[in-house]
Structures are given as structure tokens and as C-alpha cells.
Amino acid sequence: MAKSPEETRKAMLEQLPEKTGKSFAEWQKLIRAGQFSKHGEIMKFLKGEHGVSHGYANQIALEALRPADGPAPGSDDLVAAQYAGNKAELKPLYDKLVVLLKRIDKQVEFAPKKAYVSVRKAKQFAIIQPSTATRLDVGINLKGQSATDRLEESGSFNAMVSHRVRISKPAEIDAELEGWLRKACQEAS
235 MAKSPEETRK AMLEQLPEKT GKSFAEWQKL IRAGQFSKHG EIMKFLKGEH
285 GVSHGYANQI ALEALRPADG PAPGSDDLVA AQYAGNKAEL KPLYDKLVVL
335 LKRIDKQVEF APKKAYVSVR KAKQFAIIQP STATRLDVGI NLKGQSATDR
385 LEESGSFNAM VSHRVRISKP AEIDAELEGW LRKACQEAS
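Take 235 as the starting number for the sequence shown in my numbering and just add one per residue.
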């Protein structure tokens, strides 16, 4: 059975000494000494100056910036930034998608990034991205699924998903979209 994101996180932290030569506590001291406060700065430092692989550098950076008992910093800020300005009218569509995804599976996790929100179970199966001022794109990982007029192949949209559905009004968040998301979620479990 696939590991949960939390199990994967713990396993990576336990493997740090073997894979990187230092424990998380040692990396944290170096990061504090360098006074890094941004994820990208920490990544550059770890990969460039210490040769840490991308995956472990990312995990160390996330952990270093994580509050003692909470999600990675800025999660709400990242979502707010995505729906600021001329994209503010898309926020109700995003909220409706979140409700739908939680109805599909209560254990679905949302991981906001700078330009989109990753949706995952044991692994990512969808993304929600405000692509224009009038449209959200829902990227869905449905390997082997034939494209339709509505369920497009992702093409250059995002390499992390196989398909895309364009959403510009609440009525487009419907049973058909729910079916695709449900299938992708089950395949990611």
C-alpha cells in the first residue's frame, strides 16, 4: 500500500543523515546561521553549496519553514495571492472545488504552490490553477483516459497531470467533473 504524505515526510526526515550526511537539526542550524527565510533561498543553498538532491532539499526547506505545529507557512497567503486582483471572482469556483474534493474523500490534502494548488492523496492527482481572469483550469491525472471535448489532454499546461478541464462558471463543476476527479483520486490511493 502506498505511503501517506505524512508517512513519506517522516521517512524522508529519518533518511536525511544517510542521504545527505546531516540530520534535520544540523541542517536547521545551518539554515538559521545563513538567515534564510525563503524556500527558494534554502533550496539554492542546499543544492548549490551542499549538493543535496532536489527532493531532500525541498523537504528540508519545507520543514525549516514549518511552524512547530502546523502546515507549511504561507499556505493561506499563497491561495489569497492566486485569487487577488482581477482573479478575485474565481475564488468562489475554487471554494466549490475544494468542497467537492473533500466530499469525494475527506483525506484529500491541498498543498498551495505559487501559481496553483496541488491536490493529493498518497500522490498528487489534480491541480487547481487560476489561469486567466475568467477561467480556472483543473488539471487531472488520468493516465490512459481518452480525451473528450471537455476533458482535454494537458499538453503544455502542466507536466504533472495528464488532462485539463476549463472552468469559468459554477455549473461546470458538475457530476461529470466529479467522476473524473473521483477516478483520479482512487487511482492515487
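Glycine included, each C-beta is placed from N, C-alpha and C at the ideal position.
Small disclaimer: the values here were computed from a predicted structure and weren't measured.
Inspect the beta-carbon positions of residue i and residue j and report whether they are closer than 8 Å.
i, j, result
"residue 345", "residue 363", "no"
"residue 399", "residue 384", "yes"
"residue 253", "residue 290", "yes"
"residue 339", "residue 357", "no"
"residue 216", "residue 347", "Past the boundaries of the shown model lies residue 216; the chain is included only from 235 to 423, so the question cannot be answered."
"residue 392", "residue 361", "yes"
"residue 316", "residue 246", "no"
"residue 353", "residue 335", "yes"
"residue 368", "residue 390", "no"
"residue 409", "residue 359", "no"
"residue 281", "residue 288", "yes"
"residue 343", "residue 239", "yes"
"residue 244", "residue 250", "no"
Locate the beta strand (DSSP E) running through residue i, then write down its first and last residues.
i, result
"residue 258", "That residue, residue 258, is in no beta strand (DSSP E); its alpha helix (DSSP H) goes 258-267."
Determine the DSSP secondary structure at residue i, reduced to helix, strand or coil.
i, result
"residue 292", "helix"
"residue 220", "This structure does not reach residue 220, given that the chain is present from 235 up to 423, and the question cannot be answered."
"residue 370", "strand"
"residue 282", "helix"
"residue 272", "coil"
"residue 422", "helix"
Starting from residue i, follow the alpha helix (DSSP H) in both directions and report where the run begins and ends.
i, result
"residue 252", "239-254"
"residue 348", "Note, residue 348: premise wrong, no alpha helix (DSSP H); not H, not E."
Could you check whether the stretch 321-335 touches the stretch 283-301, counting it as contact only if at least three pairs of C-beta atoms, one from each stretch, sit closer than 8 Å? no
Can you check the stretch 304-338 for any alpha helix (DSSP H) of at least 4 residues that lies completely inside it and give the ranges in chain order? 309-316, 325-338
Completely contained beta strand (DSSP E) runs for the stretch 351-415, where each covers 3 or more residues: 351-354, 358-366, 369-374, 397-401
Contact between the stretch 369-376 and the stretch 386-400: three or more CB pairs below 8 Å? yes
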